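Colleague: Following this message is one structure expressed as structure tokens.
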Amino acid sequence: MAVLTAEPLDRLLDYRAPEGGCMLGAFVQVPLGPRRVLGVVWGPGEGRFDPAKIRAVHKLLDVPPMREELQEFLTRAGEYTLTPLSQMLRLATRAPGLGDPPAMRKIYRLGAQPPARLTEARARVLQVLQDYGGLAFTMGELSASAGVTSSVIKGLVAQGALREEDSPRDLPFQRLDPGHGARALTAAQDEAAQLLVAGLRAGGYGTTLLHGVTGSGKTEVYLEAVAECLRMGRQALVLLPEIALTQEFLTRVEARFGARPAEWHSGVTLTERRRVWRMAAEGGVGLVVGARSALFLPYQNLGLVVVDEEHDTSYKQEEGVIYNARDMAVLRASICGARVVLASATPSLETWANAEAGKYQKLVLANRFGASVLPQMQAIDMRAETLPAQRWISAPLQGAVNARIAAGEQALLFINRRGYAPVTLCRACGHQIGCDHCDARMVEHRFLKRLVCHQCGETKPMPDACPACHVEGRLAAVGPGVERLGEEAAALFPHARIATLSSDMFGSARALKAQIAAIAAGEADIIIGTQLVAKGHNFPRLTLVGVIDADLGLQGSDLRAAERTFQLMRQVAGRAGRAERAGVAMLQTYQPEHPVIRAILGGDEQGFWQAEAALRQQAGVPPYGRMAGIIISAPNPQAAFDLGQELARRTGPLLRVGAQVFGPAPAPIARIRGRHRVRLLVKADRGVALQPALAAWVGQLRLPAQVRLAIDIDPQSFF
Ligand code: ADP
Ligand code: ZN
């Protein structure tokens, strides 16, 4: 029989079936050279080999076979993204010890007693357990996460600071009760929920765009669809863009259904991953809340996939298998006959166009829940302001902030830039400090007391002398980052309580959560924040949002620059006035006449999307045309460029389907992590079967050692 393994081979392997045979989709362990690897029975053998000579399957694993639906999904997703099937299988088996027998094992939780003496190692153990809320850890996981030996953990158990328990592996999750905490919905919410419920009852595939302004109750509405899905005995998946949102969300699910759902993301412990994977396959979990890779779990009976904040760019995985989880959710649902809900206040143009074309059903929630109204939008024309050097808060914005503080309300100053300053310049020689491995400037992070490369994460201490001319004391920070804005605010508003929220300022998710809760409780007058604050958090006292640089996202040649700016500005503005108090959003801009800025100010959403759609249609770019990015990288720039040129010479397979090739050109960031990068861009009409042509095109070449080639279908970013 033919077995698919997760090893990097581009073919199925033939093995002799175990005695008694085995089912299609069965998980097996097979010998491969000297090793034993995980595989899935993918089909009958091809009978090309002498049966006496082929090796036997080592072991049939005790997990439910992969369903045909998932096999088809992996196959089609692999074809769409031009990813070898073996790599797709790896995505679908990201849980350790799949074949291990269910047995008892020891797990550890927080105990009732504080330890007698709190050493640093002990504190780390307790911190890890606190960070994960109520979760229990195995000895191996706990010692690895806390970086301590098992004797530290045993010491804590002896003192009663930890509890040791016997636990069977892989317990089913507590059942969610669809009738538990249902809320009375408003008429508009109820109508939307009823339509989603009707779709589920009708059965079969269908996608709905749930388009509602921030705070309109989209979550309340789609949780009703989840409830119906659970009542029907099917499984539901809610995809969220960011781990930071998860805790808040889990509490909300618990309030609605009386129990917590399963979680699936990079922060979940290995034991818990294995449990979620198994329970998805065995039907021991009703609702999974997760990041994009939760789409590849082996659900027994998937009935609903919700993609919350469907426009969020983090749904696009840019490394390894390059895929967009939103699109893959639609694909998976269409194969297994599930419903999809795409929820957003600012949908992507792709989704908007699909709804306009009638491919997706569209539900609109036009008003916020309760008394809260959308903020009023104003521009501050920065051409008319005279700000001293290295200052970014204009007089009108300063006045508005003062007024809010006086009224006992909160103001948010938004800048989408982490760190202290984007550029560190030597005033003696003009040198700008760059990363050694990337074509990127190092960003000063004063909080961390280091320079950080935002491309590769490399850090180094802030030097005293210029690395180029060695003159001391002349390095200057140029431009604003969120930390520097915090400094300016502290100087301008000396009596205000200021809280800065940026992802790298918090050692743990728990600390960040605590800070967010403190802000929500009113323990800050001014919040300074990056993109992190644009998402989902609810600050009831917040009535003013000041955007320091509304033009920032419009720079650059990105196809989606306008769309992103429009979405981000609306999301940020949406933070203001969520409770009973009306809000104002002020946008500092040097180009108030720019069509995107005007659309944001005017709130003319439909007009904006129509104009944007027309522009893209004219240019023949997605979603009205097809695009693929080719990224070639190598330690040696010439090797990358040579391969690009060879591709550009041998375009036969692409020309035959009428596609055009642009490039090769150095990528905008021409070097990342020491690898030189060259890009090509392929464009084609919407109806063209681009993937087979691309496969034939790149298949003509052999990659020299050390040269890598990645294909990005429907590219989102062009770095
Ligand atoms: P969205 O997902 O559209 O941003 P949410 O579902 O988070 O909106 O709702 C915004 C706020 O209003 C939340 O605090 C939510 O609990 C509250 N809310 C929305 N609808 C209702 C309702 N029908 N009853 C009670 N509270 C509601
Ligand atoms: Zn770097």
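Following the working numbering, the numbering of the sequence shown begins with 1 at its first residue and continues without gaps.
Beta carbons are placed, not taken as given, at the ideal position from N, Cα and C, and that holds for glycine.
Bear in mind the structure is a predicted one, so any value in this text is a computation, not a measurement.
1. Could you tell me whether any non-hydrogen atom of the ligand ADP is closer than 7 angstroms to the CB of A520?
2. Counting only runs that start and end within the stretch 670-695, where is the beta strand (DSSP E) found for 3 or more residues in a row?
3. In the structure shown, what three-state DSSP assignment does Y108 receive?
4. Just the Cα atoms here: how many angstroms apart are I322 and D712?
5. According to DSSP, is I498 helix, strand or coil?
6. Measuring alpha carbon to alpha carbon, tell me which residue in Q235, E164 and S151 is nearest P178.
7. Indicate, with yes or no, if the ligand ADP has a heavy atom lying under 7 angstroms from the CB of A184.
8. Count the other CB atoms within 10 Å of the CB of F662; is the residue buried (16 or more) or exposed (fewer)?
9. Write down the C-beta distance between A640 and V678 rounded to the nearest angstrom, noting that I regard them as a contact closer than 8 angstroms.
10. CB L70 to CB A92, shorter than 8 angstroms?
11. Which residues mark the beginning and the end of the alpha helix (DSSP H) in which G408 is found?
12. Report all residues from its chain with a CB closer than 6 angstroms to the CB of V401; omit the five preceding and five following residues, and keep chain order.
13. Can you give me the Cβ contacts of L250 inside the same chain, cut-off strictly under 8 angstroms, excluding the 5 residues immediately before and after it?
14. Looking at the secondary structure, which residues open and close the alpha helix (DSSP H) in which P595 lies?
15. Give me whichever residues DSSP pairs with Q361 in a beta bridge.
16. Would the C-beta of T251 count as close to the ligand ADP, meaning under 7 angstroms from any of its heavy atoms?
17. Taking Cβ to Cβ, would you say E487 is nearer than 8 angstroms to M462?
18. Can you give me the C-alpha to C-alpha distance between S633 and R708, rounded to a whole angstrom?
19. In this structure, does DSSP put T214 in helix, strand or coil?
20. At 4 residues or longer, and completely inside the stretch 427-482: list those alpha helix (DSSP H) runs for me, N to C.
21. Going by CA-CA distance only, name the one from L156, L24, T459 and L374 that's closest to A585.
22. Would you identify the three-state DSSP class for T5, choosing helix, strand or coil?
23. Out of L349, I600 and Q300, state which residue places its alpha-carbon closest to the alpha-carbon of C336.
24. Buried or exposed, going by whether 16 or more other CB atoms sit within 10 Å of the CB of T83?
25. Comparing C-alpha positions only, which one of A95, A689, Q645 and L559 sits nearest to S293?
26. Taking one C-beta from the stretch 139-147 and one from the stretch 184-193 each time, how about it: are there three or more such pairs within less than 8 angstroms?
27. Please report how far the alpha carbon of G529 lies from the alpha carbon of A6, in whole angstroms.
28. Let me check understanding here. Comparing Cα to Cα, which of R274, F608, M328 and I498 lies closest to P735?
29. Decide if Q700 is buried, meaning its Cβ has at least 16 other Cβ atoms within 10 Å, or exposed.
30. Tell me, please, which residues DSSP counts as bridged to M66.
31. Do you know offhand how far A511's Cα is from A158's?
32. Name, in chain order, the residues that DSSP records as bridge partners for E164.
33. List the DSSP bridge partners of D308.
34. Leaving out the 5 sequence neighbours to the left and right, which residues in its chain are closer than 7 angstroms to P724 when beta-carbon positions are compared?
35. Quick one: what does DSSP say V148 is sitting in, helix, strand or coil?
36. Roughly how many whole angstroms lie between the Cα atoms of V41 and L295?
Modeller: This is what the structure gives:
1. no
2. 675-685
3. strand
4. 6 angstroms
5. strand
6. Q235
7. yes
8. exposed
9. 4 angstroms
10. yes
11. Neither: G408 is in no alpha helix (DSSP H) and is coded neither H nor E.
12. A411
13. R260, P261, E263 and V289
14. P595 to G602
15. T208
16. no
17. no
18. 5 angstroms
19. coil
20. none
21. L374
22. strand
23. Q300
24. buried
25. A95
26. no
27. 42 angstroms
28. Shown here, the chain extends from 1 to 719; a query on residue 735 therefore has no answer.
29. exposed
30. Paired residue(s): none; M66 is not in a bridge.
31. 28 angstroms
32. Y108
33. A343
34. Outside the shown range of the chain (1 to 719) lies residue 724, about which nothing can therefore be said.
35. coil
36. 21 angstroms
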